[in-house]
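Quick notes on the structure that follows.
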Amino acid sequence: AQKITQTQPGMFVQEKEAVTLDCTYDTSDPSYGLFWYKQPSSGEMIFLIYQGSYDQQNATEGRYSLNFQKARKSANLVISASQLGDSAMYFCAMRDLWRAGSYQLTFGKGTKLSVIP
Amino acid sequence: GAGVSQSPRYKVAKRGQDVALRCDPISGHVSLFWYQQALGQGPEFLTYFQNEAQLDKSGLPSDRFFAERPEGSVSTLKIQRTQQEDSAVYLCASSPGQGAEVVDQETQYFGPGTRLLVL
Chain A
1499 AQKITQTQPG MFVQEKEAVT LDCTYDTSDP SYGLFWYKQP SSGEMIFLIY
1549 QGSYDQQNAT EGRYSLNFQK ARKSANLVIS ASQLGDSAMY FCAMRDLWRA
1599 GSYQLTFGKG TKLSVIP
Chain B
-3 GAGVSQSPRY KVAKRGQDVA LRCDPISGHV SLFWYQQALG QGPEFLTYFQ
47 NEAQLDKSGL PSDRFFAERP EGSVSTLKIQ RTQQEDSAVY LCASSPGQGA
97 EVVDQETQYF GPGTRLLVL
């Protein structure tokens, strides 16, 4: 079974600073995908970034980058130059790419990020 | 382009009532998912459709929950005889199911959710 652990219930960051949100995962599958989503107070889950388990390079998408350490089973999200609009819940999720019939995302409990002016 | 839409956005039901939640996925998306998100938790998988076929319903918590996608586009999640523990946000997501890269195929795009409160 897959499991995602996000150990930081809440984080604060000063505007314009960088912040790292932690995510560790547990799986026995050889091939998987890791996703980060942002959920503002409006409720919609917004896709941020994806990392495949066999990707050689860490994923980057604008101000978002994923610090993927496969041996440690961690996939931390780094947000550079924080903005007030980054204040939201952030969820790490995993999708098994190995087993047939396994399509759903498994989510962590999330981290609430608050950006301080 | 238009994203995933869900209706109603908010629903208050009395215990024992039946409710129906609607999801309009992104046009052309093959895959459709329903998730349940309890307060303060991450979303949990309920069911998955590939076109009109329901390929996985392992996450549905009881036989009071039923989902359909008869023409492979719009989907409805129905909850019969609602209970207080059904109170949650119900999220719908769709994904292309095809594309050059895995990220193109597999990324799920979510709707705004339906917040259900059962009194």
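Here the protein sequences line up with chains A and B, keeping their order. First residue of the first sequence? That's 1499 in our numbering, and the numbers climb one at a time after it. First residue of the second sequence? That's -3 in our numbering, and the numbers climb one at a time after it. Beta carbons are placed, not taken as given, at the ideal position from N, Cα and C, and that holds for glycine. Quick caveat: nothing in here was measured; it's all calculated off a predicted structure.
Local Cβ density within 10 Å of residue i, reported as buried at 16 or more and exposed below that
i         : result
A/PHE1589 : buried
B/VAL8    : exposed
A/THR1505 : exposed
A/ASP1584 : buried
B/LYS10   : exposed
A/SER1612 : exposed
A/ALA1443 : With chain A running from 1499 to 1615 in the structure shown, residue 1443 of chain A is simply not present.
A/ALA1499 : exposed
Enclosing alpha helix (DSSP H) for residue i [first to last residue]
i        : result
B/GLN46  : Looking at the DSSP string, B/GLN46 is not in any alpha helix (DSSP H); the run it does join, the beta strand (DSSP E), is 40 to 46.
B/GLY102 : As written in the sequence, residue 102 of chain B is Glu, which differs from the Gly given in the question. Per DSSP, B/GLU102 belongs to the alpha helix (DSSP H) from 98 to 102.
Beta-ladder partner(s) of residue i, from DSSP
i         : result
B/GLY107  : In DSSP, B/GLY107 forms no bridge with anything.
B/CYS19   : B/GLN2, B/SER71
A/ARG1593 : A/GLY1531
A/LYS1501 : A/ASP1524
B/LEU112  : B/LYS7, B/ALA84
CB of residue i within 9 Å of CB of residue j, strictly
i         : j         : result
A/SER1551 : A/LYS1568 : yes
B/SER1    : B/GLY93   : no
B/THR78   : B/VAL114  : yes
A/SER1563 : A/LEU1582 : no
B/ARG65   : B/PHE45   : yes
B/GLN50   : B/ALA84   : no
B/GLU102  : B/SER91   : yes
A/ALA1557 : A/PHE1566 : yes
Cβ of residue i within 9 Å of any chain E Cβ
i         : result
A/THR1604 : Looking at the structure shown, chain E is missing, and the protein chains on hand are A and B.
Residue i, enclosing beta strand (DSSP E) - first and last residue
i         : result
A/LEU1546 : 1544 to 1550
- Message: Does the structure place the region 1551 to 1563 of chain A close enough to the region 4 to 21 of chain B that three or more beta carbon pairs sit under 8 Å?
- Response: no
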